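Here UniProt numbering is used: position 114 in the sequence shown is 114, and no number is missing along the way.
Beneath this line is the structure, given in structure tokens, with notes to follow.
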Amino acid sequence: MEAQPIISLKEAIEERRAARSFRPDPIPEEVLSEILRLGVRAPSGYNLQPWRLIVVQEQENKEKLKACAFNQRQVSEAPVVLICCGDRLVSQPEYIESVIKLGEQAGAMNEAYAQFIREQVPVLFEYHPCFESVEAWTNRHTMIAVAHIMIAAKSFGVDSCPMEGFVTAQVKEAFKIPEHLDVCCLLPLGYADEPFKLYGGRFNIEQISYSETYGQNFTI
Numbered sequence: 001m002e003a004q005p006i007i008s009l010k011e012a013i014e015e016r017r018a019a020r021s022f023r024p025d026p027i028p029e030e031v032l033s034e035i036l037r038l039g040v041r042a043p044s045g046y047n048l049q050p051w052r053l054i055v056v057q058e059q060e061n062k063e064k065l066k067a068c069a070f071n072q073r074q075v076s077e078a079p080v081v082l083i084c085c086g087d088r089l090v091s092q093p094e095y096i097e098s099v100i101k102l103g104e105q106a107g108a109m110n111e112a113y114a115q116f117i118r119e120q121v122p123v124l125f126e127y128h129p130c131f132e133s134v135e136a137w138t139n140r141h142t143m144i145a146v147a148h149i150m151i152a153a154k155s156f157g158v159d160s161c162p163m164e165g166f167v168t169a170q171v172k173e174a175f176k177i178p179e180h181l182d183v184c185c186l187l188p189l190g191y192a193d194e195p196f197k198l199y200g201g202r203f204n205i206e207q208i209s210y211s212e213t214y215g216q217n218f219t220i
């Protein structure tokens, strides 16, 4: 049976918090599957989809991951932890062809656009005018997917905690992550336990937005 969200998109965005502690309740398989399916509907440049997710559920492996993450309790408490990685090999010709084939199968790719992608993706990664390194680009797109996963999860009543507190080299060694993958974040998923994190507030739109050029006041 297909899992169905229990709260609206607006509620999911407004109610999401980073959970610091989790109950041991498992996430139903159909719910986890739907969270991941919706999460990777995230956009990416040229539809290259550089995200790679290692789904950690066995307690022994969660304890191993916890040791790589400064022994933070949420890693071992959450029923599921995602190791979210970005793949730097998405600019390779064979990978580009797999993206083209995927688009053809979906009915969204014609030969003109396929040729455009073959020509433009290598140029983007050779000169990278809008990013300093390939890792910066893959991290950027992977974190868009992570944000989608967190909102999708909350719509099913599943809490999350995006984490940067880990030692990358230790995580890569412990989980046999190849050199060309970069670990962007850890994402525990589950049902938050008390104490619940309170909403910390956000700066108002006028304070963080500018009109037309930087420094010009913007008002709604």
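Glycine is no exception: its CB is placed at the ideal position from the N, C-alpha and C atoms.
Keep in mind it's a predicted model, so treat the numbers as computed, not measured.
Asked	Found
6 angstroms Cβ shell around Gln216 - same chain, five flanking residues per side excluded	Tyr210
Residues that DSSP places opposite Ile54 in a beta bridge	Ile83
8 angstroms CB neighbourhood of Ser8 in its chain, flanking five on each side removed	Ser155
Candidates Val75, Thr219, Ala192 and Phe22: closest to Asn204 by CA position	Thr219
Which of helix, strand or coil DSSP assigns to Leu89	helix
Closest by C-alpha distance to Gln115, when choosing among Gln105, Ile96, Gln72 and Leu38	Ile96
Asp25, buried or exposed, once every other Cβ within 10 Å from all chains shown has been counted against 16	exposed
Beta-ladder partner(s) of Phe22, from DSSP	Ala192
Contact under 7 angstroms by Cβ, Pro122 with Gly86	no
Sub-7 angstroms separation of Asp193 and Phe22 beta-carbons	yes
Length of the line joining the Cα atoms of Tyr199 and Ala174	34 angstroms
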